[in-house]
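Student:
Numbering (the UniProt record's numbering), first residue to last: 1 to 206.
This is the structure in structure tokens:
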């Protein structure tokens, strides 16, 4: 097996073990066993557990930030167009958030809710930076469409939280996860809301 494929195999195994046990409780020998190699082989590719976490989790969040930034121009063009263009642009952005929630949800949960550590701090810093980018793209892209009473940063966190929990529920209950259906429902929520209040009856003057 090539060094590149072996590295990818180790990263996949590390994600699986980190997601199950969290960073603090995971041992490198467990990751090596999951990958079907010995610890000496693992350490040839990753000198420490921290570096392995960087490669398996933090680099993925960094890549999502790069994608969000690179997509900003295209999304901004969409948001300046018709209603269909606007919907397509927002869907593209939510797709990136959903992919992050699906791919790294268990790892984010296991680490973010785990004990305080340098790795946990780095994870939170990466997520915070990701939502800063998301907020900046949204504010600059659709300023004329945003309601005045909306906190954009909080809204982004709520969207990601909903996507993350939906993906986790599918894992926990072993139900099928339909990516496009989840995106469809999120778009309906964003544009139309969930509850439609009854119209107030207008009193007829006597």
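Built from N, CA and C at the ideal position, the CB exists for glycine as well.
For residue 6, collect the residues of the same chain with a Cβ closer than 6 angstroms to its Cβ; drop the 5 residues on either side in sequence, then sort them by chain order.
Tutor: none
Student: Give me the Cα-Cα distance between residue 124 and residue 53, rounded to the nearest whole angstrom.
Tutor: 14 angstroms
Student: Kindly list the residues whose CB is nearer than 7 angstroms to the CB of residue 34, restricted to its own chain and excluding five residues on each side of it in sequence; keep chain order.
Tutor: 13, 16, 17
Student: Whose CA, out of 103, 36, 56, lies closest to the CA of residue 166?
Tutor: 103
Student: Assuming residue 98 contacts residue 163 (C-beta within less than 8 angstroms), just tell me the rounded distance between them.
Tutor: 5 angstroms
Student: Could you tell me whether the region 84-101 touches the region 178-186, where touching means 3 or more Cβ pairs closer than 8 angstroms?
Tutor: yes
Student: Are residue 114 and residue 22 touching if we call contact CB-CB under 8 angstroms?
Tutor: A contact, by the Cβ cut-off of 8 angstroms.
Student: Relative to the alpha-carbon of residue 126, which residue among 63, 171, 45 has its alpha-carbon at the smallest distance?
Tutor: 63
Student: Using the Cα positions of residue 170 and residue 61, report the straight-line distance between them to the nearest angstrom.
Tutor: Spanning the alpha carbons of residue 170 and residue 61 requires a straight line of approximately 22 angstroms.
Student: One question on the structure: do residue 190 and residue 108 come within less than 8 angstroms of each other, judged by their Cβ atoms?
Tutor: no
Student: Which two residues bound the contiguous alpha helix (DSSP H) that contains residue 18?
Tutor: 3-25
Student: What first and last residue would you give for the alpha helix (DSSP H) that runs through residue 89?
Tutor: 83-112
Student: Pick out whichever of 88, 49, 25 has its Cα sitting closest to the Cα of residue 11.
Tutor: 49
Student: In this structure, does DSSP put residue 195 in helix, strand or coil?
Tutor: Residue state, collapsed to three classes: coil.
Student: Any heavy atom of the ligand FAD closer than 7 angstroms to the Cβ of residue 104?
Tutor: Of ligands this structure carries none, so the ligand FAD is not represented either.
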